[in-house]
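Peer 1:
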């Protein structure tokens, strides 16, 4: 089937661009001797997680136990849940899953450590633990090296837990390359201090897990790092282009939409709105637009209803006609794919694959 | 099961509040002799569409053919697709669906009329047509009465179409009550002119379909209206409270989340982020916040990651503890429910129902 025969709106993935993105990251990690543990929340598709593993990844990352369950069901054996687990109910599911896969989880509280230890002990399993440090994003993570050491000692004192090391998420570094470089210094200071103190205490650390797509190719500038967890790099998106870490031709994910109304002067309405793209904003430049229209860079995708994309074409000389298709690079590919039950792999404009977004909606 | 036993994040619907919302709208419509055709894009759940029909609605509205298919599959026989159909592929599905249900569709172009006519003729079915007029929202809809008449005459000239009347969406009226009242005048002028011209031409009009939740209880102030299509009224949300058309106690939909991290000073992190709530903004007041925390009106839900809700608690005196649950009124309930595969009906804190969001993800 040709891509033009797909009904719209549809998310399509250029398989060739995706492979190039996967290979580039795997080869960077090999060069700097970093483990690669892609965050699969970007696609939530077991077949693509397997493709990442086959092309050089060492394990995967997920954000939800439900996602881990889907990935384990597909035979994936090395999973990091980069999300704090605090309830007994979730700790129990985690401990059960550890029967089928090698599982690690990031925590930032004694309560998490205790909840997981109790359940893992009861299930007769063992769960790896990374201690999350807040390196400046101020979301999760202990504040400093003292808190990290105290929590590491707690983990070491509890049964059915394996202390593995540290994790951080530099989410405040989605800015310009210059800002990213400036912010690495303070993170390195914190990492060095924490690692030194752990060493002094005789606590062995096998994993220091960092990374995200915007910082991925700077990973060798972070001290003590052993692995990275980029997610978006498999597809890239308009925000990654805005952050200067990808070019338009590196964007593997596109949304095909149809022009459904041209009745209002100066506007073009497509069939892709917030239930197709999500409402995620553009994080760079003037913040305008919900996606880039590849056929017309002068069109501004400036508003969305749930099922309507509103294009402002007052600055464009392009002639639009009802029923024609447009190709949109979404602002945030993770949120876009999360709206869909199925997406399509294409190669040279032929539809080569239909992938179920199997872990979509596994919200717990 | 008690609501406290549901894993989080979960969307729960207070069935008693929902029934009150349904009854109030049905009784308003009876009082003013208006047909009620709820927009089911808010919930996408056939059981709730049936509940609306049983409590006084005359038919339903959908935004996608996929949604219409799910609703028809559940035995619903009177469906308006309030969305322009332009492709032969979609026109064919529409025409086929017209074998199983009484179907109408809104259009604003001759191309739509022709595409639907061709397919309906081929299928031996007939599709009702409403002509959409742009009353000021500038999304879809013909611009004036001349364009409406010309399109009506085209529809009347084509086989397998039934011209029913007019439709409009006053989406620019989600403001204050005063602004809403001011904007009704120009809409009435346009409606009057159009209806007069249709009458002069001898074109009979049986339906004038307007409405939305923010304007629903002002519907009797619109001239010539025969039916309304509110969606959100079944649940309401923070935006409806912000627009002054609902109170907090009218909000039937809540999201239950768990506090998963308190490690960062001044912040509380919950397990509900943009993949639980959507990123839809607050459309009233200062526009801040992604939902209202019922337990603590001083907490500001000021940022989201995909799976993290970030609360700013610097203005709050409440003590938060890890693992506790919070109850959030979402900004936009339609987008929130659209993130979930299943939501729950509760009554007096008991979980009474689990509903599959069956038409979710039916994006084409």
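Residue numbers (my numbering), protein chains in the order written: chain Y, 7 to 370; chain W, 7 to 370.
Heads up, the beta-carbon is just placed ideally off N, CA and C, and yes, glycines get one too.
Please read all numbers here as calculations on a predicted model, not as lab measurements.
(1) With DSSP run on the structure shown, which of helix, strand or coil describes residue 170 of chain W?
(2) Three or more C-beta pairs under 8 Å: does that hold for the stretch 234-243 of chain W against the stretch 334-354 of chain Y?
(3) Relative to the alpha-carbon of residue 35 of chain Y, which residue among Y:367, Y:320, Y:247, Y:236 has its alpha-carbon at the smallest distance?
(4) Identify which residue in W:116, W:245, W:99, W:152 has its Cα closest to the Cα of residue 370 of chain W.
(5) Need the endpoints of the alpha helix (DSSP H) that residue 125 of chain Y sits in, please.
(6) Which one or two residues does DSSP pair with residue 361 of chain W in a beta bridge?
(7) Anything in chain Y within Cβ reach of residue 89 of chain W, meaning under 9 Å, just list it in chain order.
(8) Count the other C-beta atoms from every protein chain shown that fall within 10 angstroms of the C-beta of residue 294 of chain Y, then say buried if there are 16 or more, exposed otherwise.
(9) With a threshold of 9 Å between beta-carbons, can residue 13 of chain W be considered close to chain Y, or not?
(10) Go through the stretch 53-85 of chain Y residue by residue and report every complete run of the alpha helix (DSSP H) that reaches 4 residues or more, in order.
(11) What residues from chain Y crowd round residue 347 of chain W, counting only those whose CB sits closer than 7 Å?
(12) Bridge partners for residue 164 of chain Y per DSSP, in chain order?
(13) Look at residue 356 of chain Y and residue 313 of chain Y and say whether their C-beta atoms are less than 9 Å apart.
(14) Which residues bound the alpha helix (DSSP H) around residue 343 of chain Y?
(15) Could you tell me the alpha carbon to alpha carbon distance between residue 11 of chain Y and residue 360 of chain Y, rounded to whole angstroms?
(16) Are the C-beta of residue 340 of chain W and some C-beta of chain Y separated by less than 9 Å?
(17) Spell out a yes or no on whether the stretch 266-274 of chain Y and the stretch 139-151 of chain W are touching, meaning 3 or more CB-CB pairs, one atom from each, closer than 8 Å.
(18) Since residue 241 of chain Y is in the alpha helix (DSSP H), which residue starts that stretch and which ends it?
(19) Determine, using beta carbons only, whether residue 135 of chain Y and residue 108 of chain Y come nearer to each other than 9 Å.
(20) Please return the same chain residues whose Cβ sits closer than 6 Å to the Cβ of residue 336 of chain Y, not counting the five positions on each side in sequence.
(21) For a contact defined as C-beta to C-beta under 9 Å, what are the partners of residue 362 of chain W on chain Y?
(22) How many angstroms separate the CA atom of residue 33 of chain Y from the CA atom of residue 27 of chain Y?
(23) Could you say if the stretch 222-237 of chain W and the stretch 320-332 of chain W meet the contact criterion of at least three C-beta pairs nearer than 8 Å?
(24) Could you tell me which of W:130, W:225, W:97 sits nearest to residue 329 of chain Y, measuring between CA atoms?
(25) So, using beta-carbon positions, are residue 216 of chain Y and residue 173 of chain Y closer together than 9 Å?
(26) Nearest by alpha-carbon distance to residue 200 of chain Y: which of Y:223, Y:183, Y:248, Y:139 is it?
(27) Note down, in chain order, every chain Y residue with its Cβ under 8 Å from the Cβ of residue 270 of chain W.
(28) Given that residue 273 of chain Y touches chain W, what residues does it touch there, using C-beta distances under 7 Å?
(29) Interface residues of chain W around residue 117 of chain Y at Cβ under 8 Å?
(30) Given this structure, state the Cα-to-Cα distance separating residue 332 of chain Y from residue 15 of chain Y, to the nearest angstrom.
(31) Applying a beta-carbon distance threshold of less than 9 Å, which residues of chain W neighbour residue 203 of chain Y?
(32) Give a yes or no on whether the minimum CB-CB distance between residue 114 of chain Y and chain W is below 9 Å.
(33) Under 8 Å by Cβ, that's how I've got residue 18 of chain Y and residue 352 of chain Y pegged, so tell me the actual separation to the nearest angstrom.
(34) Taking the alpha carbon of residue 111 of chain Y as the reference point, which residue from Y:339, Y:367, Y:214, Y:23 has its own alpha carbon closest?
(35) Does residue 291 of chain W come within less than 9 Å of chain Y when only Cβ atoms are used?
(36) Looking only at its chain, what residues have a beta carbon closer than 7 Å to the beta carbon of residue 291 of chain W, apart from the 5 residues adjacent to it on each side?
Peer 2: The answer reads as follows:
(1) Here residue 170 of chain W refers to the residue found at position 164 when the second chain is read from its first residue. DSSP places residue 170 of chain W in strand when its eight states are reduced to three.
(2) Result no; under three Cβ-Cβ pairs closer than 8 Å.
(3) Numbered from 1 along the first chain, position 29 holds the residue referred to as residue 35 of chain Y. Per the C-alpha coordinates, the member of Y:367, Y:320, Y:247, Y:236 positioned closest to residue 35 of chain Y is Y:236.
(4) Residue 370 of chain W sits at position 364 when you count from the first residue of the second chain. Proximity to residue 370 of chain W across W:116, W:245, W:99, W:152 peaks at W:99, based on C-alpha coordinates.
(5) Sequence index remark: in the first chain, residue 125 of chain Y carries index 119 (1-based). Per DSSP, the unbroken alpha helix (DSSP H) holding residue 125 of chain Y starts and ends at 116-129.
(6) Numbered from its first residue, the second chain carries residue 361 of chain W at position 355. Beta-bridge pairing links residue 361 of chain W to W:349.
(7) Taking the first residue of the second chain as 1, we reach residue 89 of chain W at position 83. Chain Y residues near residue 89 of chain W: 266, 277, 313, 314.
(8) Position 288 of the first chain, counting from 1, holds the residue named residue 294 of chain Y. Residue 294 of chain Y is exposed by the Cβ-count criterion.
(9) Counting from one through the second chain, the residue named residue 13 of chain W turns up at place 7. Chain Y, which has a Cβ nearer than 9 Å to the Cβ of residue 13 of chain W, makes this yes.
(10) Qualifying alpha helix (DSSP H) stretches, in chain order: 71-79.
(11) Reading the second chain from its first residue, position 341 is the one you call residue 347 of chain W. Neighbours of residue 347 of chain W across chain Y, judged by C-beta separation under 7 Å: 367.
(12) Here residue 164 of chain Y corresponds to residue number 158 of the first chain, with the count starting at 1. BP columns for residue 164 of chain Y are empty, so no partner.
(13) Position 350 of the first chain holds residue 356 of chain Y. Position 307 of the first chain holds residue 313 of chain Y. Taking 9 Å as the Cβ cut-off, residue 356 of chain Y and residue 313 of chain Y do not qualify as a contacting pair.
(14) To locate residue 343 of chain Y, count along the first chain from 1; it is residue 337. Residues 339-343.
(15) As a first step, residue 11 of chain Y is located in the first chain; it is residue number 5 there, counting from the start. As a first step, residue 360 of chain Y is located in the first chain; it is residue number 354 there, counting from the start. Cα-Cα distance, rounded: 14 Å.
(16) Working through the second chain from its first residue, we reach residue 340 of chain W at position 334. Closer than 9 Å: yes.
(17) The stretch 266-274 of chain Y is in contact with the stretch 139-151 of chain W.
(18) The count along the first chain starts at 1 and reaches residue 241 of chain Y at position 235. No alpha helix (DSSP H) holds residue 241 of chain Y; DSSP gives it neither H nor E.
(19) Within the first chain, residue 135 of chain Y is the residue found at index 129, counting from 1. Within the first chain, residue 108 of chain Y is the residue found at index 102, counting from 1. No, the Cβ-Cβ distance between residue 135 of chain Y and residue 108 of chain Y is not below 9 Å.
(20) Here residue 336 of chain Y refers to the residue found at position 330 of the first chain. Excluding residues within five positions, the ones whose Cβ falls inside 6 Å are 243, 261, 283, 297, 342.
(21) Position 356 of the second chain, counted from the first residue, corresponds to residue 362 of chain W. Neighbours of residue 362 of chain W across chain Y, judged by C-beta separation under 9 Å, do not exist; the nearest C-beta is about 11 Å away.
(22) What you label residue 33 of chain Y is simply residue 27 of the first chain in a count that begins at 1. What you label residue 27 of chain Y is simply residue 21 of the first chain in a count that begins at 1. Their backbone Cα atoms lie some 10 Å apart in a straight line.
(23) At 8 Å Cβ cutoff, the stretches do not touch.
(24) Locating residue 329 of chain Y in the first chain gives position 323, where the first residue counts as 1. The residue with the shortest Cα to Cα distance from residue 329 of chain Y is W:97.
(25) Taking the first residue of the first chain as 1, we reach residue 216 of chain Y at position 210. Taking the first residue of the first chain as 1, we reach residue 173 of chain Y at position 167. Taking 9 Å as the cut-off, the beta carbon of residue 216 of chain Y is found closer than this to the beta carbon of residue 173 of chain Y.
(26) Counted from its first residue, the first chain places residue 200 of chain Y at position 194. Measuring from the Cα of residue 200 of chain Y, the nearest candidate turns out to be Y:139.
(27) Here residue 270 of chain W corresponds to residue number 264 of the second chain, with the count starting at 1. Per Cβ cutoff of 8 Å: 140, 144, 145, 146, 147, 149.
(28) Looking up residue 273 of chain Y in the first chain gives position 267. Simply 144.
(29) Residue mapping note: residue 117 of chain Y aligns to position 111 of the first chain, counting from 1. Against chain W, a Cβ distance below 8 Å from residue 117 of chain Y picks out 328, 329.
(30) As a first step, residue 332 of chain Y is located in the first chain; it is residue number 326 there, counting from the start. As a first step, residue 15 of chain Y is located in the first chain; it is residue number 9 there, counting from the start. One C-alpha to the other measures close to 10 Å.
(31) As a first step, residue 203 of chain Y must be located in the first chain, where it is residue number 197. Going along chain W, no residue has its Cβ under 9 Å from residue 203 of chain Y, so there is no contact; the nearest lies around 18 Å.
(32) Numbered from its first residue, the first chain carries residue 114 of chain Y at position 108. Answer yes: the Cβ-Cβ gap between residue 114 of chain Y and chain W drops below 9 Å somewhere.
(33) The sequence position of residue 18 of chain Y within the first chain is 12, counting from 1. The sequence position of residue 352 of chain Y within the first chain is 346, counting from 1. Contact holds; Cβ gap of about 5 Å.
(34) Position 105 of the first chain, counting from 1, holds the residue named residue 111 of chain Y. If we check each option's Cα against that of residue 111 of chain Y, Y:214 comes out closest.
(35) Stepping through the second chain from its first residue, residue 291 of chain W is reached at position 285. So, not an interface residue.
(36) Here residue 291 of chain W refers to the residue found at position 285 of the second chain. For residue 291 of chain W, where only same-chain residues beyond five positions count, the Cβ hits under 7 Å are 248.
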